[in-house]
Amino acid sequence: MAHATFHDKIGNVQGLDVRPGQTLRALLQANGIPRNAVLTSVNGAVVTEEIGVIGPDDHVEIRQVRHYDLEITRQPPRRIFSAPAPVYTKSVMFDERGKLEVRSEQLDAFGFVEYVERTFVESITSAGLIEPGAEIMTGLSGGRDSVAFLKLLERTRAQLPAFTMVATTVTGTPDWEEPATFHAAQLACEGLGIDQVLVTADEIQATFNLDRPYIDVMNEVVTGESAMFNMVIAHHTLRRMVEIEAERRGVTTIALGFNADDLVASMVTWFTTGFRMGPIPKRRVGPFTYLFPLFHITKKELTLYLDLVAPELNQQGAPGRFTTGPAERSLAYAITDHLFDLWPGVDYYLFPALDNVQRSMMPAAEDECAVCGAAFLLQEGVDNPVAICDVCSFFARHKYTVRDSRFIR
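Here the sequence shown is numbered in the numbering used here, starting from 1 and rising by one per residue.
Printed below as a string of structure tokens:
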């Protein structure tokens, strides 16, 4: 009969449930044991966890190699506040004088909605994101994040400073015009009582000096060797078109529906590339102040929130190829999701930490693109192009522009 034993570095020996045919990798994953933390032997011989398969009579020994308490992530001290018929559990890890405890509150449907709306209001008011009388432009794709943002504003408006808002929806690719998603955007605007402005593909072509329709360019991008730049290009396009609409209306504040997962994932990318990133939840880019009011609400929470309060806004179509990023983006999000499991409430630690880091960094330097007009950060340690952003430089190098040679750097 197969059996497995885990020896940690603080003297504990624990038997693990195991079954013949199970891989060593799966055994470790099922028990919350990182492969990098242990050496594994089967019947007395050290083996690699990557390929080992447990036989019917195997004895598996797993020994932790570094002295620390792995139980703090496997089975952390936990206090649970229960509720009947819970639909969600909100957990946060508290650090008090070096002692960690996860406090988990179970929430029924009513309690969950109340929690999300309270978190939303407190995130805005405590960070001073909305000034009384503010004029705000928001980018509205019709996806769950952007429509949940408007629904939250609709339901909590009486608790927030007075503001006016216009929503800009950018069209130009099938993903951005998917009927169910577009309809959700319209419904969200109607609920909040704000105007929705549509930006057309022709406006994108003119802004980026393209010699052909934007969709033709993007079709070549996603099917060619530059497919990894798909979302970089798409996000910059969306950002700049929203900015232009804001400029037309004399608005300098732009609110976007990036959730906690999005922002933590961007920090994962920042830490692993070294490129400069602005502060959260408010940052200055050129003449604009960007706000991220959903910075303490996760995608899972927003999705469930819409299910409970506005299921008609939760019927979007599946993401298409123009909203699908490279594998490194998926890795950043997967790491983020695992991080939220290992360290519940990690966003409440990361965002203040980022704020502290900003104070110790050199002042940011910006340039303005001579083609699309967008402000962009100059990155330390690299050869920054002069007066042209990465996206317009890409378009010029690949000869998608009307006058390409002038802008190639």
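Built from N, CA and C at the ideal position, the CB exists for glycine as well. What you are looking at is a predicted structure, and each value in this text was computed from that prediction instead of being measured.
Helix, strand or coil at GLN14 [DSSP, three-state]:
strand
Can you give me the start and stop residues for the alpha helix (DSSP H) that GLY191 sits inside?
Taken as a continuous stretch (DSSP letters only), the alpha helix (DSSP H) holding GLY191 covers 179 to 192.
Report buried or exposed for THR223, applying the criterion of at least 16 other Cβ atoms within 10 angstroms of its Cβ.
exposed
Just mark ASP8 as buried or exposed, buried being the case when its beta carbon has 16 or more other beta carbons within 10 Å.
It counts as buried.
SER226 in three-state terms, based on DSSP:
DSSP places SER226 in coil when its eight states are reduced to three.
7 Å CB neighbourhood of GLU177 in its chain, flanking five on each side removed:
THR171
Counting along the chain, where does the beta strand (DSSP E) carrying LEU100 start and finish?
99 to 107
Residue span of the beta strand (DSSP E) that contains THR89, given as start and end
88 to 96
Where ARG66 sits in the DSSP three-state scheme:
coil
DSSP beta-bridge partners for HIS7?
VAL13 and ARG63
Using DSSP bridges, identify the partner residues of GLY274.
In the DSSP output, where bridge partners are listed per residue, GLY274 has none listed.
Same chain, Cβ closer than 6 Å to CYS389, five either side skipped, listed in chain order:
Cβ within range, chain order: CYS369, ALA374 and PHE376.
Looking only at its own chain, which residues have a Cβ that is under 7 Å from the Cβ of PRO20, when we skip the five neighbours before and after it?
ALA2, ILE54, GLY55 and PRO56
Pull up the DSSP beta-bridge partners for ILE78, would you.
Per the sequence presented here, residue 78 reads as Arg, with Ile not at that position. In DSSP, ARG78 forms a bridge with VAL102.
Find the nearest neighbour of GLU328 within the set PRO84, THR207, PRO77 and VAL268, judged by alpha-carbon distance.
VAL268
For the putative contact between ALA26 and LEU16, defined by C-beta atoms under 8 Å, what is the C-beta separation to the nearest angstrom?
Rounded, the Cβ-Cβ distance is 11 Å, inconsistent with contact.
MET137: buried (16+ other C-beta within 10 angstroms of its C-beta) or exposed?
buried
Which value, in whole angstroms, describes the spacing of the CA atoms of PHE288 and GLU105?
38 Å
Identity of the residue in LEU192, ARG63 and SER123 nearest LEU150 by Cα
LEU192
What does DSSP give as the partner residue(s) for PHE288 in the beta ladder?
VAL285
Just to confirm, are PHE258 and LEU302 a CB contact at a threshold of 8 Å?
For PHE258 and LEU302, no; Cβs fall outside 8 Å.
Contact set for MET277: own chain, Cβ-Cβ below 6 Å, skip 5 residues either direction:
TRP270
According to the neighbour-count rule (16 or more other Cβ atoms, all chains shown, within 10 Å of its Cβ), is TYR305 buried or exposed?
With 16 or more other Cβ atoms within 10 Å, it is buried.
Do ARG118 and TYR400 have their beta-carbon atoms positioned less than 8 Å apart in this structure?
no
Closest to ALA148 by CA distance: which of ALA185, ALA162 and PRO132 is it?
Nearest of ALA185, ALA162 and PRO132 to ALA148, Cα basis: ALA185.
Residues near ARG284 in its chain [Cβ-Cβ closer than 8 Å; skip 5 each side]:
GLY278 and TYR290
Within 10 angstroms of its Cβ, does PRO344 collect 16 or more other Cβ (buried), or is it exposed?
Here PRO344 is buried, its C-beta having at least 16 other C-beta atoms within 10 Å.
Can you find at least 3 beta carbon pairs, one from the region 126 to 136 and one from the region 316 to 327, that sit closer than 8 Å?
no
Cβ pair ILE194, VAL166 closer than 8 Å:
yes
Is it right to say THR272 is buried, meaning 16 or more other beta carbons lie within 10 angstroms of its own, or is it exposed?
exposed
Start and end residues, beta strand (DSSP E) containing THR168
163 to 170
Classify SER330 as helix, strand or coil using the three-state DSSP reduction.
helix
Helix, strand or coil: how does DSSP classify VAL264 here?
helix
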